[in-house]
Amino acid sequence: MPELPDVEGFRKVLDSCARDRPIRRVEVYDAGVLHGVTGDRLRRELEGRRFTEPARRGKWLLAPTDGDGTAGPTLLLHFGMTGRLVCCASGDERHAHDRVAFTLDAGRQLRFRDQRKLKGLWLADASEVARTLDAQGPDAAAVSRGEFDELLHGRRGILKSALTDQSLLAGVGNLLADEILWRARLHPSRRAGALTDAERARLYRDMRSVLRASVRAGCVPPRRSWLTGHRDEAEGTCPRCGTPLRHGRTAGRSTVWCPHCQPASPDS
DNA sequence: CGGAGCGCCTGGAAGC
DNA sequence: TGCTTCCAGGCGCTCC
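See below:
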């Protein structure tokens with residue numbers, strides 16, 4: 115499930131595979147992943163251009179292009195739940211879920227591979243890029259403590275909804291939110307605006323630390339010492355205290371927490 | 001404002 | 001065995 119750490123990994127794939135390389139050929143195997151652009155136009159607009167330095171904001175990956183010394187359109191990528199970006203040799207066999215392939219030089223091919231097609235690719239000019247970024251909160255891996263406090267301040271909903279609201283804070287998904295809340299010993303249904311200073315400090319610190327380790331791993335690592343390493347077990351126990359983990363739904367999402375480490379408090 | 005519920009999409013697993 | 005149903009969770013949408 116691509117969240118900030120996974121998308122950061124895809125940014126690195128894009129950077130090492132495609133940056134500064136000319137786009138020789140664009141092949142769309144399944145136009146179902148294209149949004150607001152046809153396969154024909156995608157090909158016309160990108161073939162002959164070059165990918166430049168990629169960027170990431172939350173779960174969005176931005177692949178700007180140039181050509182003839184002028185800036186070209188930016189390819190925007192969102193991976194939904196099952197999307198990924200892979201760097202192949204251009205002769206490699208096609209995978210059943212390869213949806214779009216960008217053939218570069220030196221025999222490389224960048225492929226957008228996605229089973230469920232919940233999101234996909236957009237082709238954006240500068241103002242559309244700005245609009246997409248403006249709809250996102252600050253990146254969770256870059257947000258300052260002060261900004262973080264402001265985001266939560268006055269927020270009336272529950273904590274988990276706040277953490278996963280991309281327009282508030284960009285990059286945290288369902289898995290990360292559970293991991294961060296478990297690490298910070300905060301119940302998912304705590305009121306976001308009702309945390310004490312000490313709790314907010316802990317939440318910020320643990321969010322940054324979970325993100326750092328996850329970016330290093332390229333995903334939220336299912337380590338035995340992490341909550342994520344136990345969330346799929348029917349009778350999983352908290353790796354910190356051994357209490358049986360609780361499974362429920364919060365804001366329509368499956369949620370796992372430790373009832374001992376993360377007590378529901380008066381505000382929730 | 002925010003949360004619940006639905007739909008999009010696919011395929012693996014569970015249920016009958 | 002084979003069919004149906006559920007579920008995963010990304011996000012956008014409507015409704016309350």
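Numbering (my numbering), first residue to last: 115 to 382.
The C-beta atom is built at its ideal place from N, Cα and C for all residues, glycine as well.
From a predicted model like this one, the values you see are computed outputs, not experimental measurements.
For residue i and residue j, what's the separation of their Cα atoms in angstroms?
{"i": "D134", "j": "S281", "result": "31 Å"}
{"i": "A215", "j": "V324", "result": "33 Å"}
{"i": "D279", "j": "D228", "result": "23 Å"}
{"i": "L235", "j": "L224", "result": "13 Å"}
{"i": "R322", "j": "A254", "result": "8 Å"}
{"i": "R363", "j": "A306", "result": "17 Å"}
{"i": "C372", "j": "H344", "result": "11 Å"}
{"i": "G251", "j": "L176", "result": "16 Å"}
{"i": "A244", "j": "E159", "result": "19 Å"}
{"i": "E117", "j": "G287", "result": "6 Å"}
{"i": "W78", "j": "D320", "result": "Summary: the structure shown does not reach residue 78, with the chain confined to residues 115 through 382, and so no result is reported for it."}
{"i": "G221", "j": "S368", "result": "42 Å"}
{"i": "V334", "j": "R213", "result": "25 Å"}
{"i": "D206", "j": "E264", "result": "49 Å"}
{"i": "K126", "j": "G332", "result": "10 Å"}
{"i": "H211", "j": "H361", "result": "31 Å"}
{"i": "L190", "j": "L277", "result": "23 Å"}
{"i": "R139", "j": "G194", "result": "25 Å"}
{"i": "R208", "j": "K233", "result": "20 Å"}
{"i": "H192", "j": "R230", "result": "12 Å"}
{"i": "E347", "j": "V370", "result": "11 Å"}
{"i": "A327", "j": "H149", "result": "33 Å"}
Quick one, are the C-beta atoms of residue i and residue j less than 8 Å apart?
{"i": "A291", "j": "L317", "result": "no"}
{"i": "G285", "j": "K173", "result": "yes"}
{"i": "T342", "j": "L283", "result": "no"}
{"i": "W296", "j": "C355", "result": "no"}
{"i": "A378", "j": "S275", "result": "no"}
{"i": "L156", "j": "V147", "result": "no"}
{"i": "G366", "j": "L359", "result": "no"}
{"i": "R171", "j": "L247", "result": "yes"}
{"i": "F226", "j": "G268", "result": "no"}
Looking only at its chain, what residues have a beta carbon closer than 8 Å to the beta carbon of residue i, apart from the 5 residues adjacent to it on each side?
{"i": "L309", "result": "L266, L273, L300 and L317"}
{"i": "P136", "result": "G162, R163, R164, L218 and D219"}
{"i": "L128", "result": "F165, P168, L175, A177, L199 and L224"}
{"i": "R338", "result": "H344 and P353"}
{"i": "A314", "result": "Just to set this straight, residue 314 is Arg in the shown sequence, not Ala. Here the set comprises F262, D263 and L266."}
Got a sec? Which residues, its chain only, sit under 6 Å from residue i by beta carbon, not counting five neighbours each side?
{"i": "V329", "result": "P119 and E122"}
{"i": "P178", "result": "T166 and T188"}
{"i": "H186", "result": "Reading the sequence as shown, one finds Gly at residue 186 and not His. R163, T179 and D180, listed in sequence order."}
{"i": "F124", "result": "L175 and L199"}
{"i": "S151", "result": "At residue 151 the sequence reads Val, which differs from the Ser that was named. Result list for V151: L237, in chain order."}
{"i": "A145", "result": "G153"}
Between residue i and the rest of its own chain, which residues show a CB-CB distance below 7 Å, the 5 nearest in sequence each way excluded?
{"i": "A249", "result": "S281"}
{"i": "E293", "result": "V324, V334, W340, L341 and T342"}
{"i": "T357", "result": "T351, C372, P373 and H374"}
message: If contact is defined by three or more beta carbon pairs under 8 Å, each pair taking one atom from either stretch, is the stretch 256–271 in contact with the stretch 234–245?
response: no
Three Cβ pairs or more, each shorter than 8 Å: is that satisfied between the stretch 193–206 and the stretch 120–136?
yes
Going residue by residue through the stretch 210–257, where are the continuous beta strand (DSSP E) segments of at least 3 residues, counting only ones entirely within it? 212–217, 222–228 and 234–238
Could you tell me which whole alpha helix (DSSP H) segments of length 4 or greater appear in the stretch 277–339? 288–297 and 311–331
Could you tell me which uninterrupted alpha helix (DSSP H) segments, each at least 4 residues in length, are contained entirely in the stretch 115–195, listed from first to last along the chain?
118–132 and 153–160
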